[in-house]
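Protein chains in written order, with the numbering used here: chain A, 1 to 10; chain B, 11 to 225.
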Amino acid sequence: PNVENMHDEL
Amino acid sequence: MNMFRFLGDMTHLFSVLVLLLKIHTIKSCAGISLKTQELYAIVFATRYLDLFTDYISLYNTVMKLVYLGSSLSIVWYMRRHKLVRRSYDKDQDTFRHHFLILPCLILALLINEKFTFMEVMWAFSLYLEAVAILPQLVLLQRTRNIDNLTGQYVFLLGAYRSFYILNWIYRYFTEVHYVHWITWISGLVQTLLYGDFFYYYFHSWKNNEKLQLPA
Numbered sequence: 001p002n003v004e005n006m007h008d009e010l
Numbered sequence: 011m012n013m014f015r016f017l018g019d020m021t022h023l024f025s026v027l028v029l030l031l032k033i034h035t036i037k038s039c040a041g042i043s044l045k046t047q048e049l050y051a052i053v054f055a056t057r058y059l060d061l062f063t064d065y066i067s068l069y070n071t072v073m074k075l076v077y078l079g080s081s082l083s084i085v086w087y088m089r090r091h092k093l094v095r096r097s098y099d100k101d102q103d104t105f106r107h108h109f110l111i112l113p114c115l116i117l118a119l120l121i122n123e124k125f126t127f128m129e130v131m132w133a134f135s136l137y138l139e140a141v142a143i144l145p146q147l148v149l150l151q152r153t154r155n156i157d158n159l160t161g162q163y164v165f166l167l168g169a170y171r172s173f174y175i176l177n178w179i180y181r182y183f184t185e186v187h188y189v190h191w192i193t194w195i196s197g198l199v200q201t202l203l204y205g206d207f208f209y210y211y212f213h214s215w216k217n218n219e220k221l222q223l224p225a
């Protein structure tokens with residue numbers, strides 16, 4: 001997946 | 011991960027755990043809104059659907075599972091535990107929380123980062139989280155009682171919101187592609203609602219009187 005578009009926060 | 015984000019996650023985590031521990035220990039949930047707790051459980055359940063599809067880090071996965079587990083436990087205690095559910099202020103906790111869900115869903119269908127199931131659910135969880143405190147505010151207004159809702163819980167929720175805003179500012183200035191308008195705006199709305207709550211909380215604490223919110 002495209003890391004930039006992933007939700008990495010909770 | 012910056013320090014603001016980490017502290018935000020930790021204070022958020024502690025706010026949920028403090029509540030759960032309190033309910034577990036004193037076997038009472040007086041002053042706690044089940045409606046708000048159910049909304050939080052829905053927020054986590056719809057936001058963390060990506061547990062099954064995306065792996066970001068062990069930290070993220072574990073935290074998601076802990077948030078889900080603890081918020082579902084609180085709802086379970088308040089609904090099913092023989093002693094705890096007796097202390098629930100059912101007649102006072104009258105906010106029609108179901109009416110928050112549909113508008114949030116419609117808003118998520120209209121405004122999202124991408125029109126996919128996961129993204130719509132993600133946006134929905136953000137909108138719902140922003141307003142999930144409302145039933146709790148109404149309950150406080152009704153019972154005018156801050157004794158049972160500990161200062162710790164209030165303080166931790168406020169700290170969580172503040173640290174997340176600092177985290178967004180920090181990331182905006184240090185990362186190239188970091189822009190999340192939906193997260194920011196719904197986060198701000200949520201913080202303003204909490205701010206309102208804090209204002210009256212500290213005001214009543216300062217004057218050593220019971221909490222009284224404007225009608």
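Glycine included, C-beta positions come from ideal geometry on N, C-alpha and C.
As the structure is a computational prediction, the values presented were derived from the model and not from experiment.
Quiz item: What residue does the alpha helix (DSSP H) around residue 73/B start on, and which one ends it?
Solution: Counted from its first residue, the second sequence places residue 73/B at position 63. Counting along the chain, the alpha helix (DSSP H) containing residue 73/B begins and ends at 68–90.
Practice problem: Answer yes or no: does any C-beta atom of chain A fall closer than 9 angstroms to that of residue 193/B? | Solution: Locating residue 193/B in the second sequence gives position 183, counting from the first residue. Answer yes: the Cβ-Cβ gap between residue 193/B and chain A drops below 9 angstroms somewhere.
Quiz item: Which value, in whole angstroms, describes the spacing of the CA atoms of residue 202/B and residue 196/B?
Solution: Taking the first residue of the second sequence as 1, we reach residue 202/B at position 192. Taking the first residue of the second sequence as 1, we reach residue 196/B at position 186. Answer to the nearest angstrom: the Cα atoms are 10 angstroms apart.
Quiz item: In angstroms, rounded to a whole number, what distance separates the CA positions of residue 3/A and residue 102/B?
Solution: What you label residue 3/A is simply residue 3 of the first sequence in a count that begins at 1. What you label residue 102/B is simply residue 92 of the second sequence in a count that begins at 1. With a pLDDT of only 48 at residue 3/A, under the threshold of 50, the placement of this residue in the model should not be trusted, and no figure is reported.
Self-check item: C-beta contact flag for residue 189/B and residue 182/B at 9 angstroms
Solution: Here residue 189/B corresponds to residue number 179 of the second sequence, with the count starting at 1. Here residue 182/B corresponds to residue number 172 of the second sequence, with the count starting at 1. Closer than 9 angstroms, so yes.
Practice problem: Quick one: residues in its chain with C-beta nearer than 7 angstroms to the C-beta of residue 26/B, no 5 flanking neighbours on either side, listed in chain order? | Solution: For the purposes of this step, residue 26/B is taken as the residue at position 16 of the second sequence. 77, 80, 81.
Quiz item: Listing by chain order, which chain A residues have their CB less than 9 angstroms from the CB of residue 60/B?
Solution: As a first step, residue 60/B is located in the second sequence; it is residue number 50 there, counting from the start. Here the neighbours are 6, 7.
Exercise. Consider the Cβ of residue 50/B: report whether some Cβ of chain A lies at a distance smaller than 9 angstroms.
Key: Stepping through the second sequence from its first residue, residue 50/B is reached at position 40. False, the Cβ-Cβ gap to chain A never drops below 9 angstroms.
Quiz item: Taking Cβ positions, are residue 200/B and residue 139/B nearer each other than 9 angstroms?
Solution: The residue you call residue 200/B lines up with position 190 of the second sequence. The residue you call residue 139/B lines up with position 129 of the second sequence. Yes, they are a contact pair.
Quiz item: Looking at the C-beta of residue 19/B, does it have a partner C-beta in chain A at a distance below 9 angstroms?
Solution: Residue mapping note: residue 19/B aligns to position 9 of the second sequence, counting from 1. Closer than 9 angstroms: yes.
Quiz item: Quick one: what's got a C-beta closer than 7 angstroms to residue 194/B's C-beta in the same chain, skipping five residues either side?
Solution: Translated into positions along the second sequence, residue 194/B becomes position 184. Cβ within range, chain order: 178.
Exercise. Grab me the residues of residue 1/A's own chain with a C-beta within less than 7 angstroms of its C-beta, minus the 5 sequence neighbours each way, in chain order.
Key: As a working mapping, residue 1/A is identified with position 1 in the first sequence. Low confidence applies to residue 1/A: its pLDDT is 39, below 50, so where it sits in the model is not reliable, and the reading given next is rough at best. Excluding positions up to five away in sequence, the list is empty.
Quiz item: How would you call residue 148/B, buried or exposed, if buried means at least 16 neighbouring beta carbons within 10 angstroms?
Solution: Start at 1 with the first residue of the second sequence, and residue 148/B comes out as number 138. Classification for residue 148/B: buried.
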